[in-house]
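J.: The following block contains the structure, expressed as structure tokens.
Residue numbers (UniProt numbering): 1 to 404.
Structure, rendered in structure tokens:
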């Protein structure tokens with residue numbers, strides 16, 4: 001018999017500690033509902049489940065993104081619905097004006113309404129917004145803002161910026177070696193226009209917010225004068241033969257990108273075309289105030305409306321307005337199709353999130369019934385070990401019997 005080391009008590013104590021630790025672990029899992037409360041519970045399972053959690057949260061946010069995208073598209077389509085109504089009225093007026101039962105005064109009165117309706121189409125295009133972002137002015141179309149050359153004349157180069165203002169564009173100018181007039185080449189894909197010719201000198205001039213001042217300051221002392229009408233034309237004049245390049249600037253259109261997946265490169269691209277009057281071919285050149293059209297937000301005359309003051313011009317206007325109706329209808333059809341696609345996207349994202357959540361639950365969540373069984377077992381073992389420890393502590397008392 002030994003009293004310095006009570007092996008039975010030590011063994012019982014170790015078993016009691018194990019039972020207590022197991023009981024504490026069971027209680028932690030039961031109270032949290034999780035099988036994995038820390039990495040030590042299941043290191044591999046924790047890593048896998050955290051990755052699944054990231055996907056689930058990404059899918060849920062992507063679903064919310066798709067719903068927001070639907071709202072944006074609905075805003076644009078709703079505005080175009082009104083544009084369609086306006087175009088239908090304009091077509092009706094053009095048909096009416098084409099009838100020679102109308103006097104000149106009658107047609108001029110019809111023309112006034114056509115002018116105002118054209119200005120309203122501009123207003124809708126310039127002011128329709130979602131979350132402060134303009135939708136119908138071409139800024140959400142990667143194909144917008146192309147620069148086209150309508151006139152090229154050495155000593156007076158003219159660039160027609162049909163897509164918008166020149167603000168943010170880069171100009172490159174230099175003297176043509178042979179001093180002859182050169183033709184222009186247009187690259188609509190890269191949004192550049194180049195006047196062909198050999199350069200003897202060249203320079204790059206950034207166009208800032210104040211377009212005229214920026215270019216004039218950059219070219220000061222070079223014998224070149226620069227005038228810019230923002231949203232209209234840019235003219236370069238000089239004492240000698242010149243060559244110029246205009247390339248896309250900060251205001252160039254950019255496609256809408258909707259993040260509709262949990263990971264990179266899982267997005268939907270949408271272009272919304274410029275739905276203002278000029279892009280719908282509802283305006284023309286001219287200066288007659290009788291046809292004046294504004295941008296819809298001010299009284300400044302920007303364009304001229306279609307002419308309906310004669311039978312021939314009214315008939316031509318009917319065709320152009322019908323083409324505009326077809327264009328707007330096509331754009332609305334595209335937006336509606338995208339909305340339907342997004343509805344399916346939302347359903348798919350919800351299903352994926354549900355399935356991933358179920359998979360993550362199987363890894364991370366505790367089986368309550370099984371864990372309660374473990375907790376009960378460990379509780380009984382703990383109580384039994386405690387009782388046995390008391391018995392083991394009594395065993396050395398037998399040594400006293402040898403001293404009698």
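Cβ coordinates follow ideal geometry from the N, Cα and C atoms, glycine included. For clarity, every value in this text was computed on a predicted model and none was experimentally measured.
I'd like the span of the alpha helix (DSSP H) that includes residue 350, first residue to last.
T.: Indexing the chain shown from 1 puts residue 350 at position 350. Segment 311 to 364, the alpha helix (DSSP H) holding residue 350.
J.: For residue 140, count the other beta carbons within 10 Å of its own beta carbon; 16 or more makes it buried, fewer makes it exposed. Which is it?
T.: Here residue 140 is taken as the residue at index 140 of the chain shown, counted from 1. When all chains shown are included, residue 140 counts as buried.
J.: Applying the criterion that 16 or more other CB atoms from any shown protein chain within 10 Å of the CB defines a buried residue, is residue 87 buried or exposed?
T.: For this step, residue 87 is matched to residue 87 along the chain shown. Counting Cβ neighbours within 10 Å, residue 87 comes out buried, since at least 16 surround it.
J.: Alpha carbon to alpha carbon, how far is residue 108 from residue 309?
T.: Taking the chain shown and counting its residues from 1, the one referred to as residue 108 is at position 108. Taking the chain shown and counting its residues from 1, the one referred to as residue 309 is at position 309. Their backbone Cα atoms lie some 6 Å apart in a straight line.
J.: Mapping DSSP to helix, strand and coil, what is residue 284?
T.: Residue numbering aside, residue 284 sits at position 284 when the chain shown is read from its first letter. It is a strand residue.
J.: Quick one: residues in its chain with C-beta nearer than 7 Å to the C-beta of residue 474, no 5 flanking neighbours on either side, listed in chain order?
T.: Because the chain here runs from 1 to 404, residue 474 falls outside it and cannot be looked at.
J.: Is there contact here, the stretch 299 to 317 with the stretch 256 to 266, by at least three beta-carbon pairs under 8 Å?
T.: Touching, no, given that fewer than three Cβ pairs across the two stretches are closer than 8 Å.
J.: I'd like to confirm the pairing. Which residues does DSSP put opposite residue 293 in its beta bridges?
T.: The sequence position of residue 293 within the chain shown is 293, counting from 1. Residue 293 pairs with 303.
J.: DSSP on residue 25, reduced to helix/strand/coil?
T.: Counted from its first residue, the chain shown places residue 25 at position 25. Helix at residue 25.
J.: Distance check for residue 399 and residue 384, CA to CA, integer angstroms please.
T.: Residue numbering aside, residue 384 sits at position 384 when the chain shown is read from its first letter. Residue numbering aside, residue 399 sits at position 399 when the chain shown is read from its first letter. So the two alpha carbons sit approximately 25 Å from each other.
J.: Can the beta-carbon of residue 80 be found less than 9 Å from the beta-carbon of residue 335?
T.: Along the chain shown, one-based indexing puts residue 80 at 80. Along the chain shown, one-based indexing puts residue 335 at 335. For residue 80 and residue 335, yes; Cβs fall inside 9 Å.
J.: Quick one: which unbroken beta strand (DSSP E) runs of 3-plus residues sit fully inside the stretch 18 to 63? Chain order, please.
T.: Listed in chain order, nothing qualifies, since the stretch 18 to 63 has no complete beta strand (DSSP E) run of 3 or more residues.
J.: So, helix, strand or coil for residue 397, using DSSP?
T.: For the purposes of this step, residue 397 is taken as residue 397 along the chain shown, with counting starting at 1. Helix, per DSSP.
J.: By Cβ distance below 7 Å, which residues in the same chain neighbour residue 49 in space, the five residues on each side in sequence not counted?
T.: Stepping through the chain shown from its first residue, residue 49 is reached at position 49. 36, 360, 363, 364.
J.: Within a Cβ cutoff of 7 Å, which residues of the same chain sit near residue 281, ignoring the five residues on either side of it in sequence?
T.: Here residue 281 is taken as the residue at index 281 of the chain shown, counted from 1. Around residue 281: 320, 323, 324.
J.: Check residue 71 in the structure and name its three-state DSSP category.
T.: Here residue 71 corresponds to residue number 71 of the chain shown, with the count starting at 1. Three-state DSSP puts residue 71 in a helix.
J.: Is the beta carbon of residue 59 less than 9 Å from the beta carbon of residue 353?
T.: Taking the first residue of the chain shown as 1, we reach residue 59 at position 59. Taking the first residue of the chain shown as 1, we reach residue 353 at position 353. Cβ atoms of residue 59 and residue 353: closer than 9 Å.
J.: Taking the C-alpha atoms as reference points, what is the distance between residue 55 and residue 14?
T.: Translated into positions along the chain shown, residue 55 becomes position 55. Translated into positions along the chain shown, residue 14 becomes position 14. Distance between the alpha carbons of residue 55 and residue 14: 43 Å.
J.: Tell me whether the beta-carbon of residue 253 lies closer than 9 Å to the beta-carbon of residue 143.
T.: Translated into positions along the chain shown, residue 253 becomes position 253. Translated into positions along the chain shown, residue 143 becomes position 143. Yes, Cβ-Cβ distance for residue 253 and residue 143 is below 9 Å.
J.: Go ahead and label residue 401 buried or exposed: buried means 16 or more other beta carbons lie within 10 angstroms of its beta carbon, across all protein chains shown.
T.: Position 401 of the chain shown, counted from the start, is the residue given in the question as residue 401. Counting Cβ neighbours within 10 Å, residue 401 comes out exposed, since fewer than 16 surround it.
J.: Where do the N-terminal and C-terminal ends of the alpha helix (DSSP H) with residue 104 fall, by residue?
T.: Counting from one through the chain shown, the residue named residue 104 turns up at place 104. Run containing residue 104: 104 to 127, per the alpha helix (DSSP H) assignment.
J.: Going by other Cβ atoms of all chains shown within 10 Å of its Cβ, with 16 needed for buried, is residue 376 buried or exposed?
T.: Within the chain shown, the letter at position 376 stands for residue 376. Exposed is the call here.
J.: Can you have a look at residue 135 and say buried or exposed, based on whether 16 or more other CB atoms are within 10 angstroms of its CB?
T.: Here residue 135 refers to the residue found at position 135 when the chain shown is read from its first residue. Burial call: buried.
J.: Compare the C-alpha of residue 287 against each of 300, 358, 275 and name the closest.
T.: Against the chain shown, residue 287 aligns to sequence position 287. Closest by alpha carbon: 300.
J.: How would you call residue 7, buried or exposed, if buried means at least 16 neighbouring beta carbons within 10 angstroms?
T.: Position 7 of the chain shown, counted from the start, is the residue given in the question as residue 7. Result: exposed.
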